[in-house]
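Data first, discussion second: the structure below is written as structure tokens.
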DNA sequence: TTCTTATGTTAACATTGTTCACTTTGAAAA
DNA sequence: TTTTCAAAGTGAACAATGTTAACATAAGAA
């Protein structure tokens, strides 16, 4: 009874003035929102009501609404990297398998977080991306990681030698293209998603792999897929 | 002097009430606008001022703002088809060359009309697209044309036999992916665009082409590109 | 000429992001 | 302990947005 009353008292106190950790609360709620709806539909009113504050409270923590969304993008890229890049940091798997699995995680991320993916890879906040990428340029996240993986593949003799930058772009374009088409409602591939990804990756692989090597893969499916492309070692 | 006065009179008369062809004028101005800026920035105020009417005049011609944009999308797809599909309607070119050239027109369209492309292939108005596609399903525009071309290629023995739908998706995803990445500011490829497209198409081609055929192309570049993929006829 | 309808106008509305003057709170300084 | 003050909340007001409603006019049919 006493505890109950105390809780009630605290809640009432915290609802007005000095919320405690309102900034993080805004971010959390915003992420919660875009898990379900497009970021365009997120309003200050929604944020205010969800936190039990007023519409203008947010301005004590962010310069404006866009600043909150920019924060979402920054953290979103961290989440993205965390979810998608693990296989690029492994040494135990053949490189081709790393490509296969990373690509799969990429599309999976987009499918599971369509609104976040659209926010991260859409046009509207492209400027914030440039800042993020320029900061992290030397590390191994995002496109940089892909390009390095391609160069590694070329050194190992697995991938075609010419034009690593162009090759990386082609790979990214495939993954971005299929992800976008799916989450933007152009393709209803829920039923046949596995087949679509297999076809996509196989096509890509045959195109980027050096025609001088035969690839042995740790993943049972992959080596099989590569058999039609037999060439002498 | 008389003429001048008459013009003045007519203009004044036409500015108030009975514009003449205001609906088409709205559409024209909207297209003019998205040639330069994103459709998100188009407001009723802009349309009103450009036509010399009031902000609510548009409601006599469209149900609401979205209805105008839906009209833009419908016409936009017509323009898109007109610009992109001509090579798919030709019989004088080898099929592979048709793919090559159509793909090039596709990316070119996106680069020249980034805001329109984003409007046509973005998520926001996906619903209107479904209507358009369902109406035009049986004809040879858009994805249907691509799928038919793939099937033709399979019949001719040029393309891999399995999974025409998946193969068509892969091709579309490549073109959509590279287009989106470029126009949304992820890649600065203005300088090396030609090389990027060549690499993209080459990669794609090697992946989709049947490994039982050697392809002869009318375009000098293409047959050369295919030489690394030599196999017996 | 008169009536009607299409097509324009202006005024008002709710909702949006944003700013400003204010109030409250909690903690450091006295 | 009391005072002070910056941090963090409030509500009122603003302009811009899309939208609606009541009203005005032009043009053609009756």
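Residue numbers (our numbering), protein chains in the order written: chain A, 1 to 233; chain B, 234 to 466. Think of the CB as a built atom: it goes at the ideal place given N, C-alpha and C, for glycine as much as any other residue.
query                                                                                                                        : result
Spatial distance of residue 309 of chain B from residue 267 of chain B (CA atoms)                                            : 11 Å
Under 8 Å between C-beta atoms of residue 50 of chain A and residue 99 of chain A                                            : no
CA nearest to the CA of residue 365 of chain B, picked from B:303, B:316 and B:417                                           : B:303
Span separating the alpha-carbon of residue 406 of chain B from that of residue 47 of chain A                                : 36 Å
Chain B contact for residue 61 of chain A (CB, 8 Å cutoff)                                                                   : no
Buried or exposed by the 16-neighbour rule on C-beta atoms within 10 Å, applied to residue 160 of chain A                    : buried
Alpha-carbon to alpha-carbon, residue 81 of chain A and residue 253 of chain B                                               : 56 Å
8 Å Cβ cutoff, residue 270 of chain B in contact with chain A                                                                : no
First through last residue of the alpha helix (DSSP H) which encompasses residue 281 of chain B                              : 277-284
Residue-level contact to chain B via CB, residue 76 of chain A, 8 Å cutoff                                                   : no
Where residue 334 of chain B falls: helix, strand or coil (DSSP)                                                             : helix
Inter-residue CB distance, residue 277 of chain B and residue 291 of chain B (contact presumed, cutoff 8 Å)                  : 6 Å
Chain A within 8 Å of residue 355 of chain B, Cβ atoms only                                                                  : yes
Secondary structure of residue 349 of chain B, DSSP reduced to three states                                                  : helix
Residue 347 of chain B, buried or exposed, once every other Cβ within 10 Å from all chains shown has been counted against 16 : buried
Beta bridge counterpart(s) of residue 209 of chain A as assigned by DSSP                                                     : A:159
Backbone secondary structure at residue 323 of chain B - three-state DSSP                                                    : coil
8 Å Cβ cutoff met for residue 432 of chain B and residue 204 of chain A                                                      : no
Identity of the residue in A:62, A:26, A:39 and A:38 nearest residue 52 of chain A by Cα                                     : A:26
Helix, strand or coil at residue 252 of chain B according to DSSP, with G and I counted as helix                             : coil
For residue 269 of chain B and residue 32 of chain A, the rounded distance between their alpha carbons                       : 35 Å
Residue 276 of chain B at chain A interface by Cβ criterion, 8 Å                                                             : no
Proximity to residue 442 of chain B [Cα-Cα], best of B:428, B:388 and B:255                                                  : B:388
Beta carbon of residue 180 of chain A nearer than 8 Å to that of residue 287 of chain B                                      : no
Nearest residue (CA-CA) to residue 183 of chain A, options A:97, A:126, A:166 and A:119                                      : A:119
Counted within 10 angstroms of its Cβ, other Cβ atoms place residue 129 of chain A as buried (16 or more) or exposed         : buried
Residue burial classification, residue 330 of chain B (beta-carbon count within 10 angstroms, cutoff 16)                     : buried
Chain-ordered chain B contacts of residue 174 of chain A [CB-CB under 7 Å]                                                   : 406, 407 and 410
From A:85, A:186, A:163 and A:169, residue whose alpha carbon lies closest to that of residue 421 of chain B                 : A:169
C-beta neighbour in chain B for residue 85 of chain A, strict 8 Å                                                            : no
Supposed contact pair residue 328 of chain B and residue 386 of chain B - C-beta distance, whole angstroms, cut 8 Å          : 5 Å
Any C-beta of chain A under 8 Å from that of residue 441 of chain B                                                          : yes
Listed by chain order, chain B residues near residue 167 of chain A by CB distance under 9 Å                                 : 432 and 436
Chain A residues whose Cβ lies nearer than 8 Å to that of residue 396 of chain B                                             : 195 and 199
DSSP three-state assignment for residue 422 of chain B, whether helix, strand or coil                                        : coil
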